[in-house]
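Chains as they are written, first to last, in this note's numbering: chain A, 1 to 257; chain B, 258 to 514.
Built from N, CA and C at the ideal position, the CB exists for glycine as well.
Being a predicted model, the structure only gives us computed values, none of them experimental.
Notes to accompany the following structure.
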DNA sequence: GTCAAGCATTTGTCCTGACAATCGAACGAC
DNA sequence: GTCGTTCGATTGTCAGGACAAATGCTTGAC
């Protein structure tokens with residue numbers, strides 16, 4: 001019998017895919033964005049095959065490496081799975097968003113909570129041993145200390161203490177009260193890259209209980225975090241305390257093979 | 258004046274790099290491993306230039322895309338930084354290990370703590386609504402429930418409740434007491450891929466306080482986690498409670514650009 | 001009927017070649 | 001001296017081709 005092509009359900013066949021070669025946006029990125037949108041939107045359903053790379057490249061007028069680069073970026077995000085001899089499938093899960101360096105301000109804002117910030121202290125002081133070690137600066141050298149109380153709906157949520165290397169950023173108190181620290185850093189051209197975090201819990205002491213509006217001894221969620229930019233330089237060391245009754249960390253981990 | 262080459266400190270020049278074309282290990286992987294080892298070992302110091310890709314390719318008898326693939330994998334791990342027009346540098350930081358899906362058992366063992374596990378329950382039961390939603394199975398269908406108490410140095414550390422889809426894994430009580438759940442899953446050929454976590458804190462209730470050896474009302478660290486394998490299937494849903502006085506989560510986040 | 005071998009399909013790896021975009025430094029005009 | 005300009009160096013993007021390896025189905029042997 002003459003060859004009968006295997007019954008493949010190429011889910012991209014009916015899909016509107018196109019690239020604009022005049023655009024300055026890289027071709028592989030245009031393609032990966034369209035595929036990601038189709039997955040997000042449900043046009044590409046979980047488990048559906050993507051159609052083989054060579055045919056896809058031909059249909060779009062691209063080379064195979066370019067198509068592969070687009071697909072690979074989505075595989076890295078955990079949205080697609082490739083299997084040799086089989087094809088590329090949309091991942092099967094509830095998993096959607098990749099992990100992000102969570103910013104309390106952004107988290108609250110995304111939840112529609114209208115965060116408010118009160119700056120308690122905004123000073124330059126000599127670095128303690130702990131801060132110096134975390135930031136990788138000499139002990140006793142100048143570092144910024146920013147201490148803030150963050151609320152939502154008028155209720156205190158968290159007490160934030162952050163140390164930053166001096167001179168990294170203009171830390172205007174007004175801006176600190178109207179936006180988040182991470183956003184300020186990004187706007188200053190600092191690209192955040194990685195962070196080392198430690199999350200624990202402890203009972204509230206008398207002073208912080210009063211500050212946060214909790215009973216003494218109430219459980220608090222604590223986080224210490226050192227954040228690094230893309231050159232590996234430490235740009236922030238934070239010691240935060242959250243009211244456990246009002247906040248929990250949510251995040252997603254991707255395992256690198 | 259005739260061209261004077263820019264003073265580049267190509268740190269790879271004195272480095273012993275070589276690839277074995279007879280090996281079944283991909284060339285780019287051989288190279289990336291050697292570079293990673295050199296970084297880990299300190300032979301490649303933070304901030305040092307890597308030497309340009311074309312020259313490196315020529316020196317090793319490889320093509321540029323292969324070298325790029327090796328370098329890219331290390332960039333993805335956060336060990337290297339590329340800058341157009343400048344070169345590729347070893348990242349500058351304390352950051353070394355990429356993030357991992359932390360396993361309490363492995364964490365304790367790595368810390369030399371000799372973890373011990375007592376299995377409190379190991380049963381199959383119908384899935385509650387919460388568990389069914391987390392695992393993506395029908396409500397009321399069979400799921401495994403494993404409840405364990407984990408100790409170190411004879412002191413209880415954490416109370417672990419895990420739900421798994423029925424039939425995924427043979428959950429032998431003996432093995433559960435001698436190793437970790439994640440290790441069992443990996444040994445069964447399940448490749449863990451991603452996890453969605455929520456970390457919070459609360460005060461200990463009377464029952465769990467007794468179980469963990471804490472006072473009632475003592476702060477506890479809680480974690481809920483759904484883990485997915487590489488096909489996006491949920492393979493585990495855990496609700497864990499840790500003694501805040503004895504444990505904190507440490508992990509590292511990498512930000513995807 | 002069952003199991004092994006073969007085959008088509010698809011991704012994985014690797015090569016060569018080309019041009020664009022960006023960065024840093026040297027150079028020159030003022 | 002200071003500020004643009006130019007230029008070399010380096011990574012970023014893209015093309016097209018070739019072969020290897022794994023998978024799953026089909027076919028054939030027993």
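Within the segment 435-456 of chain B, contact with chain A at the beta-carbon level (separation under 9 Å) is assigned to 448, 449, 450, 451, 452, 453, 454, 455, 456. Sequence-distant partners of residue 327(B) (beyond 5 residues in either direction) whose C-beta falls short of 6 Å from its own C-beta, in its chain, are 285, 288, 289. When rounded, the separation of the alpha-carbon atoms in residue 195(A) and residue 293(B) is 20 Å. Segment contact: the segment 169-186 of chain A against the segment 480-500 of chain B, fewer than three CB-CB distances shorter than 8 Å; contact not assigned. Ranked by how close their Cα comes to the Cα of residue 90(A), the residues 122(A), 66(A), 45(A), 241(A) have 45(A) in first place. Per DSSP, residue 21(A) lies in no beta strand (DSSP E) and is assigned neither H nor E. Annotation: the continuous beta strand (DSSP E) that includes residue 419(B) extends over 412-422. At a cut-off of 8 Å between C-beta atoms, residue 363(B) does not count as an interface residue with respect to chain A. Chain order gives the chain A residues near residue 487(B) as 81, where near means a beta carbon separation below 7 Å.
Identification of residues in the segment 156-167 of chain A having a C-beta nearer than 8 Å to some C-beta of chain B yields an empty set. Under a 10 Å Cβ-count criterion, residue 117(A) is classified as buried, with 16 or more other Cβ atoms of the shown protein chains found around its own Cβ. Taking one beta carbon from each stretch, the segment 208-216 of chain A and the segment 187-194 of chain A have fewer than 3 pairs nearer than 8 Å; the two do not touch.
Look at the segment 241-252 of chain A: the residues with a C-beta under 7 Å from a C-beta of chain B are 244, 248, 249, 250, 251, 252. Taken through DSSP and simplified to helix, strand or coil, residue 493(B) comes out as strand. It is roughly 11 Å from the alpha-carbon of residue 316(B) to the alpha-carbon of residue 276(B).
Listed as beta-bridge partners of residue 189(A) by DSSP are no residues whatsoever. Within chain B, the C-beta atoms nearer than 7 Å to that of residue 221(A) come from 457, 458, in chain order. Here residue 410(B) is exposed, its C-beta having fewer than 16 other C-beta atoms within 10 Å. By the criterion of a C-beta distance shorter than 8 Å, residue 278(B) is surrounded in its chain by 284, once the five residues flanking it on both sides are discounted. Scanning chain B for C-beta atoms nearer than 8 Å to the C-beta of residue 46(A) yields 489, reported in chain order. Put simply, the CB of residue 210(A) is far from chain B, with every gap to its CB atoms at 8 Å or more. The segment 152-166 of chain A and the segment 127-137 of chain A touch, with no fewer than 3 CB-CB distances between them shorter than 8 Å. By the Cβ neighbour-count rule, residue 123(A) is exposed, with fewer than 16 other Cβ atoms within 10 Å of its own. The Cβ of residue 87(A) sits no closer than 8 Å to any Cβ of chain B. Within chain A, the residues placing a beta-carbon under 7 Å from that of residue 474(B) are 217, ordered along the chain. Between residue 50(A) and residue 17(A), the beta carbon gap of about 11 Å keeps them out of contact (Cβ cut-off 8 Å). Taking a 10 Å sphere around the C-beta of residue 330(B), we find 16 or more other C-beta atoms and assign the residue as buried.
Residue pairing by DSSP places residue 455(B) opposite 250(A), 481(B) in a beta bridge.
For the options 204(A), 130(A), 147(A), 146(A), the alpha carbon positioned closest to that of residue 140(A) is the one of 130(A).
Within chain B, the residues 450, 451 have their CB atoms less than 7 Å from the CB of residue 78(A), given in chain order.
Apart from the 5 residues on each side of it in sequence, residue 224(A) sits with its Cβ closer than 6 Å to the Cβ of 198, 239 in its chain, given in chain order. Looking at the DSSP output, residue 229(A) shares a beta bridge with 192(A). Taking 8 Å as the cut-off, the Cβ atoms of residue 176(A) and residue 148(A) count as close. Just so you know, the alpha carbons of residue 401(B) and residue 465(B) end up roughly 22 Å apart. Contact check for residue 477(B) against residue 505(B) fails: the beta carbons are separated by 8 Å or more. Contact between residue 218(A) and residue 204(A) is confirmed by a C-beta separation of about 5 Å, below the 8 Å threshold.
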